[in-house]
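**Student:** Here the sequence shown is numbered in our numbering, starting from 1266 and rising by one per residue. I'd like to ask some things about the structure below.
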Amino acid sequence: MSVHDVEIVMIGAGPSNLALAVALEECGSPEVAGRALIIEQHEDVKWQRNLLLPWARSQVSYVKDLVTLRNPRSRFSFLNFLHERGELDEFVNLSTFNPFRWQLSAYQQWVADSLEHVQVRYGARAGDILPIYGEDSTVLGFAVSLSNGDTVICRDLIIGAGRDASVPPVFAGLPAERVVHSSQYGSRVAAVNALAQPGRPLRPVVVGGAQSAAEVFMALHQDAPGSSPMMLMRSIGLKDYQTSKFVNALFFPSFVDEFYAMSEPTRVKVLEEMRLTNYAGLAAPFLDELYTMIYRQKMLGQPVSAIRGLTEIVGARMEPAAGGGEEVVLDVRDLRTDRVEPVRCDAVFLGTGYDQRMPAMVRRLTEAMKLPEVSVNRSYRVDLGEGARGGLYLQGVNEATHGISDSLISVLAHRSAHIVGDVLQRRADTEAGGADVDTSSAATRAQLAVPA
């Protein structure tokens, strides 16, 4: 077990922290960037790792990459990525603002590989996170325990690992191998195919009515050959995002200032009004593809995949299957008639989104610090009490205070500028006081139970 001392730790090598790493590289303080570390649990960078479907596109323009809206001249832009790979001409010939998802994923790995000062540590899962206190009980920094037993000590901690998957309680009694959240799809779909009854194709049910559920529904037609997936949703049917160029103006980085300045009741109203611009909808071109697929099945006399709206799953259990083994039985209520009927299947795929609470990692840390609430300022820093010299920043989980775009790529470039500016200002304010966390101090090691 070893202890590593850095200035900044970023948990998760997703787009939020990669944008922040780029901002650190370009902030004019290489000594700060050189003491910044990204911790990534996987062995590489992949955006939406388990939904890298070959046909899936980003719903956001490539201009809203990790840096361009903050610094259009940056070498870390998506266009420069294409240029360096010799792919720019062919991409331009597509005449699109919306790259394939796998292209943006490859771009993010390229950015990680191109960092000169900020370090990325792969295969390192963050475990317990402990605050480090000074003699006056103010927060000096944080200690992050890694899965290999190492500890990383930092002054500033940025958590950008995303939200936790939402699994509705009704599915809690099913075996884990029978329930697949969309965030697990790519790594689990092959194993789930083995759950089919002997001599029969897989019988999958997809739950949800938004983009991720629809993508899983479409993908199952290729990944579970011969299957006829069923899609169940509460809404009346699949619909596109309710947006326009006027509404899109509310995703400008400048709107974050306006939203943050609103009263809490007003924020709630605005968020609800904007919900269908990002949630509970599909990209219009993909919606057309889905409808065309169902139409083609009907006209060619093929087995037709079912999309059922106005339904609610009120029960889920395992029962013996007619051909031997077991099967999943879902009790499905028709919201038009209130009638409940069983739907038998082999596996349930959930496009049910993400838990809107703070991630479990954040909740555990703030509970350990006995914070009465998680209050985040305009620069995304949590209020740790008066005199705190360590900083805790949260990325992508601040919709309630910073608006619906907080979880989107749209604001990454400008958000990283806010965070880096705050980090540098705090560093300048306290540098003369010698407030850095010292891993060699007996007091710090005693707090962490690390041998001297």
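For each residue, glycine too, the CB sits at the ideal point set by N, CA and C.
Might you give, ordered along the chain, the residues of its own chain that have their beta carbon closer than 8 Å to the beta carbon of Val1639, omitting 5 neighbours on each side?
**Tutor:** Met1623, Val1627, Thr1631, Val1647, Leu1659
**Student:** Taking only runs of the beta strand (DSSP E) that begin and end inside the segment 1457–1494, which ones reach a length of at least 3 residues, in chain order?
**Tutor:** 1469–1472
**Student:** Under 8 Å by Cβ, that's how I've got Glu1577 and Arg1499 pegged, so tell me the actual separation to the nearest angstrom.
**Tutor:** Right, their Cβ atoms sit about 6 Å apart.
**Student:** When DSSP builds the beta bridges, which residues end up paired with Arg1573?
**Tutor:** Leu1497
**Student:** Roughly how many angstroms separate the alpha carbons of Tyr1387 and Ser1447, rounded to a whole number?
**Tutor:** 24 Å
**Student:** Between Leu1359 and the rest of its own chain, which residues show a CB-CB distance below 8 Å, the 5 nearest in sequence each way excluded?
**Tutor:** none
**Student:** What does a CB cutoff of less than 7 Å around Trp1375 pick up in its chain, not counting 5 residues either side in sequence?
**Tutor:** Cβ contact annotation for Trp1375 (same chain, cutoff 7 Å, sequence separation greater than five): Phe1346, in chain order.
**Student:** Do you know how far the Cα of Pro1469 is from the Cα of Ala1489?
**Tutor:** 9 Å
**Student:** Indicate whether Thr1542 and Thr1508 have their beta-carbon atoms separated by less than 8 Å.
**Tutor:** yes
**Student:** Distance, Cα to Cα, Val1297 vs Leu1289?
**Tutor:** 7 Å
**Student:** Does the beta-carbon of Asn1216 have 16 or more other beta-carbons within 10 angstroms, so that it is buried, or is it exposed?
**Tutor:** Because the chain in this structure spans residues 1266 to 1717, residue 1216 falls outside the shown range and cannot be described.
**Student:** Residue range of the alpha helix (DSSP H) that Gly1666 falls in?
**Tutor:** Note that residue 1666 is Thr in the sequence shown, not Gly. 1664–1667 is the span of the alpha helix (DSSP H), which, as asked, contains Thr1666.
**Student:** Quick one: Cα of Asp1687 to Cα of Arg1654, how far?
**Tutor:** 12 Å
**Student:** When the Cα atoms are used, what is the spatial distance from Pro1716 to Ser1267?
**Tutor:** Any reading at Pro1716 needs caution, since the residue's pLDDT is 47, under 50, leaving its predicted position unreliable; the model's value is listed next. The alpha-carbon atoms of Pro1716 and Ser1267 are separated by roughly 10 Å.
**Student:** What whole-angstrom Cβ distance do Pro1494 and Ser1570 have, given they're in contact under 8 Å?
**Tutor:** Contact flag correct, Cβ pair sits at about 5 Å.
**Student:** Can you tell me whether Pro1624 is helix, strand or coil according to DSSP?
**Tutor:** coil
**Student:** Find out if the Cβ-Cβ distance for the pair Arg1322, Phe1356 is shorter than 8 Å.
**Tutor:** no
**Student:** Could you say if the segment 1411–1418 and the segment 1381–1399 meet the contact criterion of at least three C-beta pairs nearer than 8 Å?
**Tutor:** yes
**Student:** So, helix, strand or coil for Ala1717, using DSSP?
**Tutor:** Bear in mind that a pLDDT of 46 at Ala1717, under 50, signals an unreliable position, so the model cannot answer this.
**Student:** Kindly confirm or deny that the segment 1673–1690 and the segment 1324–1339 touch, where touching means at least three C-beta pairs closer than 8 Å.
**Tutor:** yes
**Student:** Over the uninterrupted alpha helix (DSSP H) stretch that includes Phe1695, give me the two end residues.
**Tutor:** Correcting the residue identity first, residue 1695 is Thr in this sequence and not Phe. Its alpha helix (DSSP H) spans residues 1677–1695.
**Student:** Kindly identify the DSSP beta-bridge partner or partners of Pro1585.
**Tutor:** Glu1591
**Student:** Just the C-alpha distance for Ser1528 and His1667, rounded to the nearest angstrom, thanks.
**Tutor:** 12 Å
**Student:** Given a threshold of 16 other Cβ atoms within 10 Å of its Cβ, counted over all protein chains shown, does Lys1534 qualify as buried or as exposed?
**Tutor:** exposed
**Student:** Express the C-alpha separation of Val1404 and Arg1300 in angstroms, rounding to a whole number.
**Tutor:** C-alpha separation (whole angstroms): 19 Å.
**Student:** Would you call the segment 1466–1480 and the segment 1599–1614 touching, i.e. three or more CB-CB distances under 8 Å?
**Tutor:** yes
**Student:** For Ile1572, which residues from the same chain have a beta carbon less than 6 Å from its beta carbon, with the 5 sequence-adjacent residues on both sides left out?
**Tutor:** Met1496
**Student:** Roughly how many angstroms lie between the CA atoms of Gln1621 and Leu1565, to the nearest whole one?
**Tutor:** The straight-line gap from Cα to Cα measures roughly 42 Å.
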